[in-house]
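Colleague: Chains A and B are the protein sequences, given in the same order.
First residue of the first sequence: 1, per UniProt numbering; consecutive thereafter.
First residue of the second sequence: 1, per UniProt numbering; consecutive thereafter.
Beta carbons are placed, not taken as given, at the ideal position from N, Cα and C, and that holds for glycine.
The structure is given below, and queries will be raised subsequently.
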Amino acid sequence: MKHLLTAAMPRDEAIGLLDLAEDMHQIQDRELKKLPALRGRTVVNLFFEDSTRTRSSFEIAGKWLSADVINVSGKGSSASKGESLRDTGLTIAAMGVDGVVVRSGASGAPALLADWIGKPVINAGDGTHEHPTQALLDAFALRRRIHGRAARGKGLDGVRIAIVGDIAHSRVARSNALLLPALGAEVTLVGPAAFLPVPAADGTRLGLRAETSLDAVIDERPDALMLLRVQLERQAGKVAPSVGEYITGWSLTDERLARLGDAAIMHPGPMNRGLELSSRAADGDASTVLAQVTAGVSVRMAVLYSLLASDHAADHRPANDGGLR
Amino acid sequence: MTAPRTVLGPDEIARALTRIAHEILEANQGPDDLVLLGIPTRGAHLAQRLADRLTGITGIDFSARVGALDVTMHRDDLRGRPTRASHPTRIPLDGIDERVVVLVDDVLYSGRTIRAALDALADLGRPRAVRLAVLVDRGHRELPIRADSVGKNLPSARTEHVSILLEEVDGRDGVTIESATGSTETGDGGAA
């Protein structure tokens, strides 16, 4: 295992990472939240896009594993002076860092960096492409909600999950659409037609069932509803319906919440309350929003440990064309 | 590579564990404050067996006083080896503060696993005392660590490989030794 660029990975590898995250999760209950596994290792968080939760989550994960963590943001760095991604990456690699966590608005940037710098690269979100650690933490939080402390070794077999919102432009949706079915879940994509991905030759989207009616999907009583953030800053005036139309058709309102039963309500954050979901939905017992944030640290610790703990990690893992290469 | 030679059979393992259980009680002058923490994989099963024996001997239920202590993240050889899979750590509900913790492992070899275990324990609390019980001590210590209770002292060459087989993991009980030339990349017996 050399990099984490995509959430497309075999089931056993995904379960292995989720189980490792369970081990990491245990330390959150401890007074002293520190493991020595990455002592002497240096990780750079290279964030070309603003992000509070993902960056902090990776920073905490690295620090709890005793790594030295350095944050570099695109703004205020040489990248804003016109330095290319390649030169920025090579410069950081030349400083002797052991791994790079990269967030970029450009789809594919982490994969390019991985080819250039010869150090483990973790994709912390690239453009509209992927956000693999988000998908892993979503799977982790959902698995824990369903199986509790007996989650270890289990997948999400038969769990029915609806992903709601701007699927086509969401890296969170894409990574989840790759990972969740590999774990055995049945995924339905829900949103306005313009927000759904382009259908494949067989009429499905990302190989998954797609629906435009959230009400019809709620009537099927899914086990989990994953609401995506409406990216107002990106979508205003483009293909999106108006905010009013969106709320009417696809927002998890109090009325829809009442019909949903005890399905888990997931959201990658940050939430637009009143737009993707009502405050009651966001704050109720069914909400996993904060559990997802907590899971994020554990999952990122598992990924950092897998990639950086051993000099031999790349040589001894089974060959894999998927997420972890 | 020679054929493995059996040095402990199922009955001898059972007797050794019974003896260790009595030694633990004697050293502690009774069952008060005792907690057993096994080091996964096989040490955790041995700790459970010792707990069952202590329950039988004392009449006090030891099921809530046994746990597992994963030391993977605390090892000092993480760099040079393939990424190790970790195991769950389970600590008794009452914790380990001011308790007498008996660490239980299958093989005592270099002592590095036990060093890692002491580090891992320090993250969890402050026991009043820590003792060590192992099924097999094969020598070759690299650190000043010794066991308080030993099932069998097994003088061995570094090139030899000691395998601990337990019913819970391997389907049968036994301890074997074989001379392995070449690779020392072994399981618990070789690396412990």
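Taking the runs of the beta strand (DSSP E) that are 3 residues or longer, which of them lie wholly in the segment 62-150 of chain A?
Modeller: For the segment 62-150 of chain A, whole beta strand (DSSP E) runs of length 3 or above, ordered along the chain, are 68-73, 99-104 and 121-126.
Colleague: Measure from the C-beta of Ser-63 of chain B to each C-beta in chain A and report whether the shortest distance is under 7 Å.
Modeller: For Ser-63 of chain B, not one C-beta of chain A is nearer than 7 Å to its own C-beta.
Colleague: Where Pro-92 of chain B and Pro-40 of chain B are concerned, what is the direct C-alpha to C-alpha distance, given to the nearest angstrom?
Modeller: Their Cα atoms are separated by approximately 15 Å.
Colleague: Run the CB neighbour count on Gly-184 of chain A, radius 10 Å, all protein chains shown included, and call it buried at 16 or more, exposed below.
Modeller: exposed
Colleague: Helix, strand or coil for Gly-30 of chain B per DSSP?
Modeller: The answer is coil: DSSP assigns Gly-30 of chain B none of H, G, I, E or B.
Colleague: Give me the Cα-Cα distance between Leu-36 of chain B and Ser-63 of chain B, rounded to the nearest whole angstrom.
Modeller: 10 Å
Colleague: For a test of the three-state rule: what should DSSP assign to Met-24 of chain A, helix, strand or coil?
Modeller: helix
Colleague: Just to confirm the assignment: which complete beta strand (DSSP E) runs, minimum length 3, are found wholly within the UniProt domain "Phosphoribosyltransferase" (12-149) of chain B?
Modeller: 34-38, 66-68, 100-108 and 129-137
Colleague: State yes or no: is the C-beta of Val-35 of chain B nearer than 6 Å to some heavy atom of the ligand NAD?
Modeller: Because no ligand of any kind appears in the structure shown, any question about the ligand NAD cannot be addressed here.
Colleague: Looking at the C-beta of Ser-298 of chain A, does it have a partner C-beta in chain B at a distance below 7 Å?
Modeller: no
Colleague: Would you tell me roughly how many angstroms separate the C-alpha atoms of Ala-122 of chain B and Leu-257 of chain A, rounded to the nearest one?
Modeller: 46 Å
Colleague: When DSSP builds the beta bridges, which residues end up paired with Ala-309 of chain A?
Modeller: DSSP output for Ala-309 of chain A lists no bridge partner at all.
Colleague: Alpha carbon to alpha carbon, how far is Leu-228 of chain A from Ile-15 of chain A? Give it in angstroms, no decimals.
Modeller: Roughly 24 Å between the two C-alpha positions.
Colleague: Just verifying my parser: in three-state terms, what is the DSSP assignment at Glu-276 of chain A?
Modeller: coil
Colleague: Measuring straight from C-alpha to C-alpha, what distance separates Leu-65 of chain A and Asp-219 of chain A?
Modeller: 44 Å
Colleague: For chain B, check one thing: does any of its Cβ atoms lie closer than 7 Å to the Cβ of Ser-66 of chain A?
Modeller: no
Colleague: Name the DSSP bridge partner or partners of Asn-45 of chain A?
Modeller: A:Asn-71 and A:Val-101
Colleague: Going by DSSP, name the residue or residues bridged to Thr-287 of chain A.
Modeller: The sequence as given places Ser at residue 287 of chain A; Thr does not occur at that position. Looking at the DSSP assignment, Ser-287 of chain A forms a beta bridge with A:Ile-265.
Colleague: Is the segment 7-18 of chain B in contact with the segment 62-78 of chain B, if contact means three or more CB pairs nearer than 8 Å?
Modeller: At 8 Å Cβ cutoff, the stretches do not touch.
Colleague: If you measure between the beta carbons of Leu-137 of chain A and Gln-292 of chain A, is that distance less than 7 Å?
Modeller: yes
Colleague: Please report the straight-line C-alpha distance between Val-172 of chain A and Ala-135 of chain A, rounded to a whole angstrom.
Modeller: 7 Å
Colleague: Using the beta-carbon count (16 or more within 10 Å), is Lys-75 of chain A buried or exposed?
Modeller: exposed
Colleague: By the DSSP assignment, the alpha helix (DSSP H) with Ile-247 of chain A in it spans what residues?
Modeller: 243-250
Colleague: Who are the near neighbours of Thr-88 of chain A in its chain, counting only those whose CB is closer than 6 Å to its CB and skipping five residues on each side?
Modeller: Ala-79
Colleague: For the alpha helix (DSSP H) that Arg-30 of chain A lies in, which residues bound it at each end?
Modeller: That residue, Arg-30 of chain A, is in no alpha helix (DSSP H); it is neither H nor E in DSSP.
Colleague: Does Ala-162 of chain A come out as helix, strand or coil in the three-state DSSP assignment?
Modeller: Ala-162 of chain A carries a strand assignment under DSSP once its states are collapsed to helix, strand and coil.
Colleague: Secondary structure at Val-7 of chain B, three-state DSSP: helix, strand or coil?
Modeller: strand
Colleague: Would you please verify whether the beta carbon of Thr-83 of chain B is less than 7 Å from any beta carbon of chain A?
Modeller: So, interface residue.
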